[in-house]
Structure formats: C-alpha cells, structure tokens
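Its first residue numbered 1, the sequence shown is counted upward by one per residue in UniProt numbering. Using N, Cα and C, we set each Cβ at its ideal position, and we do this for glycine too.
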Amino acid sequence: MDMRLRRERRYFSTLCTTYAREVSHSRDYCTQIMDYCQSQEVHTSTLVTQIEALQRDVSTLQGQQIDDGDRLTRHIQHEAQRDAAPEDGENCS
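Here it is, written out as structure tokens:
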C-alpha cells in the first residue's frame, strides 16, 4: 500500500507541476496578447489623428480651390466686360 501512495503522490506532484507550468505559459501568452492589443490601440489612435488632420487639410485646400475658382471667374468676367465696353472716343451707336 505504501508503494501505491508514493506512486500516486509522484503522479499528482508531476500533474501539479505540469499544470503550474501551463498556467505560467498561459499568463505569459495573455500578457503578450494584451501588450499587442495595447500597441494596436495606440497605432489606431495615431492613424485616426492623422486621418482627421488630413481631412482638415483637404477641407482647407478645397476652400482655397473654390476661392481661386471664384477669383478666376471674376477675372474672366472683368476681362469680358472690359473687352465689351467701348473705349474712350468710340461711339456706342
């Protein structure tokens, strides 16, 4: 009977050691996953900030393009009016 108890004790001791090692590996792996997720969260946040800045830049450039287009239109209209207006000394009739 004593031999059987020693064998069982050794078996359960080995089993406990194996489980403890697996728990340790699982914790390490979980820590790695958490670190990776945190780094991805920071990376995603950085990308969102960059996208927002680019959207502001695009909006600003579109506004400038509209202003430039309006100025060009006014210039063309002014030139057309100037060309259509009679010069000094010319008759309108």
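Coarse secondary structure for residue i, derived from DSSP in three states
i     : result
Ala85 : coil
Close Cβ partners of residue i (< 8 Å) along its chain, the five nearest in sequence each way excluded
i     : result
Gln81 : none
Arg56 : none
Neighbourhood of residue i by C-beta distance below 7 Å, restricted to the same chain and skipping five residues each side
i    : result
Asp2 : none
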